[in-house]
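Undergrad:
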Amino acid sequence: MIIYDLNCDNNHRFEGWFQNAGAFESQLEDRLVCCPQCDSYNVHRVPSAVAISGHHAEESVSKTSVISSMAPTSTALMPVGTQAMALYRQLIQTIVSHSEDVGQSFADEARKIHYNEAPQRPIRGQASEDECEELRDEGIQVLSLPLPKEVG
Numbered sequence: 000m001i002i003y004d005l006n007c008d009n010n011h012r013f014e015g016w017f018q019n020a021g022a023f024e025s026q027l028e029d030r031l032v033c034c035p036q037c038d039s040y041n042v043h044r045v046p047s048a049v050a051i052s053g054h055h056a057e058e059s060v061s062k063t064s065v066i067s068s069m070a071p072t073s074t075a076l077m078p079v080g081t082q083a084m085a086l087y088r089q090l091i092q093t094i095v096s097h098s099e100d101v102g103q104s105f106a107d108e109a110r111k112i113h114y115n116e117a118p119q120r121p122i123r124g125q126a127s128e129d130e131c132e133e134l135r136d137e138g139i140q141v142l143s144l145p146l147p148k149e150v151g
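For the sequence shown, numbering that gives the first Met the number 0 gives the first residue as 0, with consecutive numbering after it.
(1) What's the C-alpha gap between leucine 31 and tyrosine 40?
(2) What would DSSP say about leucine 31, mapped onto helix, strand or coil?
(3) What does glutamate 14 pair with, by DSSP beta-bridge criteria?
(4) For proline 35, which option in Ser104, Cys7 and Ala117 has the closest C-alpha, if you only look at C-alpha atoms?
(5) With respect to the beta strand (DSSP E) encompassing histidine 43, which residues constitute its N-terminal and C-terminal limits?
(6) According to DSSP, what are the bridge partners of arginine 123?
(7) Give the range of the alpha helix (DSSP H) segment to which leucine 134 is assigned.
(8) Just to check my reading of the structure: leucine 134 and alanine 106 have Cβ atoms closer than 8 Å, yes? What is that Cβ distance to the nearest angstrom?
(9) Please report the distance separating the alpha-carbon of isoleucine 112 from that of glutamine 119.
(10) Under the rule that 16 or more other beta-carbon atoms within 10 Å means buried, what is alanine 83, buried or exposed?
(11) DSSP three-state label for alanine 22, please.
(12) How would you write the range of the alpha helix (DSSP H) that alanine 117 sits in, first residue to last?
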């Protein structure tokens, strides 16, 4: 089992587990390797910490060995990532279809709902990290989810 650090053309970094280097090349050529975040097939290897010499490299190798021994032996791991993204997209679609988009007014609208100044309803929108932190400090539940391009 070999683990590669991979990057897509949208600069999303992720890990790929393969039976060997040949399996990686073969799966890449057959377009079986894609970014789990954006489904891009333009994927390439990037340097990993294991390639760095010294004490930390030895630690990385031993951690990798432990992880490899726990990994499934199947080389068809990318479809699992694709399935996970499909489920995530389905979750996002459900949220989008069952909530009101309040856009940049998310923090203000969430407060109004929390303090019974607006009707109770599921909302979604945009808020900064600071606004989300303030909402949480006020006891307002906030969940941050990145939206896939086709939903956003």
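Cβ atoms here follow ideal geometry from the backbone N, Cα and C, with glycine treated the same way.
TA: Concretely, from the data shown:
(1) 8 Å
(2) Residue state, collapsed to three classes: coil.
(3) BP columns for glutamate 14 point to Asp4.
(4) Cys7
(5) 42 to 45
(6) Answer is Asp100, bridged to arginine 123.
(7) 128 to 136
(8) 6 Å
(9) 6 Å
(10) With a 10 Å radius around the Cβ and a threshold of 16 neighbouring Cβ atoms, alanine 83 comes out exposed.
(11) helix
(12) No residue range can be given for alanine 117, since it is assigned to no alpha helix (DSSP H) and is classified by DSSP as neither H nor E.
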